[in-house]
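Enquirer: The structure follows.
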Amino acid sequence: MDDLDFVKKLEVDDELFDKEYDKLGDFYNLRHYWKVHDYIAKHKGLIVFLNKLKPRLIDSFPTGKFDLILNTDFEYPDWATVILFVKVDEYTFDNGVMEDIDKIFFDFLPLQQKLGVMPNLAIWPALYDC
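Structure, rendered in structure tokens:
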């Protein structure tokens, strides 16, 4: 099934959406579960994007941990985005984590554009203990 067809299916099938969202929690730490859920429910292409991103994250950051949070701008409360924190050890953090994240971002840019989720997700580095 094409990515866009699957997004359309998620848009009409709430049970399928909830099942797919819960599967994200098998890989990503879903901080503020319901806030992230409600945001992704409005931007269902994120489900497809985050699932396709998993193998690349594992390959690029084999010891990494991955948190999803919802960030809301205090000055503009209607503006929000999901932030994917790539949590790594101090050595990795100090030696190229941002370059690796930038490479992933640019490699996945066409998919973000196709799914219409470019402004809906940011990828930031973090240390394990953050």
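Under the working numbering, the first residue of the sequence shown is numbered 1325, with each subsequent residue one higher.
Cβ atoms here follow ideal geometry from the backbone N, Cα and C, with glycine treated the same way.
1. Please specify which runs of the alpha helix (DSSP H), each continuous and at least 4 residues long, are wholly inside the stretch 1370-1431, giving them in chain order.
2. Quick one, are the C-beta atoms of Ile1407 and Trp1448 less than 7 Å apart?
3. Taking the alpha-carbon of Ile1382 as reference, which of His1361, Phe1351, Gly1420, Asn1419 has the nearest alpha-carbon?
4. Pairs of beta-carbons, one from the stretch 1335-1342 and one from the stretch 1394-1414, closer than 8 Å: are there three or more?
5. Taking all protein chains shown into account, do 16 or more other C-beta atoms lie within 10 angstroms of the C-beta of Gly1369, making it buried, or fewer, making it exposed?
6. For a quick check, are the C-beta atoms of Phe1373 and Leu1439 less than 7 Å apart?
7. To which residues does DSSP link Trp1358 through a beta bridge?
Expert: From the atom records:
1. 1414-1418, 1421-1431
2. Contact: yes.
3. Phe1351
4. no
5. buried
6. yes
7. None, per the DSSP bridge assignment.
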